[in-house]
Structure formats: C-alpha cells, structure tokens
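Trainee: I have a structure here, written as structure tokens, and I will follow up with some questions on it.
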Amino acid sequence: MKVIMKEYLPNVGKMGEVVDVADGYGRNYLLPRGFAVLATTDNVARLNHEKRQIEKKRAKLQSEAKTLAERLARFSCQISKAVGEGGRLYGSVTAMEIEDQLHERNFMEISRRQIMMEHPIKELGEFSIPIKIHPEVTVSIKVEVVARAD
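Counting from 0, one number per residue, gives the positions in the sequence shown under numbering that gives the first Met the number 0.
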C-alpha cells in the first residue's frame, strides 16, 4: 500500500514522502492515527503542489536574504569603549551592542542570535563579524573597537 507520510516516523519515512508499507500496517496504524494518507492521484497532486509552493517561498526568502547581505556587506561601525592598561577593554563588545548599531542604521531584520560571535571582543582593533541571515546566506561586517576619548 502506498501512503503519503504526514509526520516523520523512524524506519518508515519523512513528512511528505510517498512510501510503500504493508497493507495491515497502513490500514490499522498509519491511517487511523493520522500519520499518513492514502497516495491517491489527488493526494499526490496536492503534495506536489504544496512542495512547489514551499520551494517558491524558500527561493523568495533566499533572494531577500541575498539582497540584505549585499546591503550588509557595505556596513561598518565603530564602537568606543573605556580602555585600561595594555589596550584591554573595561567590559567587552557583545552581540547586543552590535545589534544596537545595526538597528540604528535601519537593519531591523537582524537579531543578536544571527550575529555569530565566538566570544565577546575584549581588545581594540578591527574585527570581521559573521552574520547568518539565512541557512544558506552568511555575510561578514566590519566592527572597529576604539578607545573612548574622555
């Protein structure tokens, strides 16, 4: 019996897959519990239509992410911090501060969770910080940390 999986089941199939299962397993377990539907021509056509719609939406999101990445590639900011002996900062520059700089320049779509800092910046200098906009689109921005003039 061919069925279309509505959920992921280990050793059976992933959501949206057309799988061949034993008649009794399909009739007595998968169909009554809503894990699958029969793979009729109408259901297969509906599945293919939904897959096309999802692919269009994914492609649109990816193109929007690439456009945003092009804008972000030109972004650079300067953050001033109090400095102690040897150029060490009092405190550190965190993803939250970089997010604030991005929001000041109208990059509201970026959250601090997308800023991929391995660790906070604790010294003066220029740093390249990666930002993951989309699972397939990552861009680096330049952040310069300078001593605050008191």
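Each residue gets a CB set at the ideal place from its N, CA and C atoms; glycine is no exception.
1. Quick one: Cα of aspartate 22 to Cα of valine 36, how far?
2. According to DSSP, proline 150 sits in a beta bridge with which residue or residues?
3. Starting from alanine 35 and walking both ways along the beta strand (DSSP E), at which residues does that stretch end?
4. Nearest to tyrosine 89 by CA position, among Leu8, Val11, Val145 and Met0, is which residue?
5. For lysine 55, write down the residues that DSSP places opposite it in a beta bridge.
6. My output table needs one value for leucine 30: the three-state DSSP class, helix, strand or coil.
7. The beta strand (DSSP E) with glutamate 122 in it runs from where to where?
8. Buried or exposed, going by whether 16 or more other CB atoms sit within 10 Å of the CB of glutamate 96?
9. Do valine 43 and valine 20 have their C-beta atoms within less than 9 Å of each other?
10. Since leucine 67 and glutamate 108 should fall inside the 8 Å C-beta cutoff, what is the C-beta to C-beta distance between them, to a whole number of angstroms?
11. Excluding five sequence neighbours on each side, which residues of the same chain lie with their C-beta closer than 6 Å to the C-beta of lysine 131?
12. Mapping DSSP to helix, strand and coil, what is isoleucine 78?
Mentor: By the coordinates alone:
1. 13 Å
2. Residue 150 falls outside the range modelled here, since the chain spans only 0 to 149, and no answer is possible.
3. 35-37
4. Per the Cα distances, Val145.
5. Answer is none; lysine 55 lacks a bridge partner.
6. coil
7. 120-122
8. buried
9. no
10. 6 Å
11. Cβ neighbours of lysine 131 beyond the five flanking positions: Gln113, Met115 and Thr137.
12. strand
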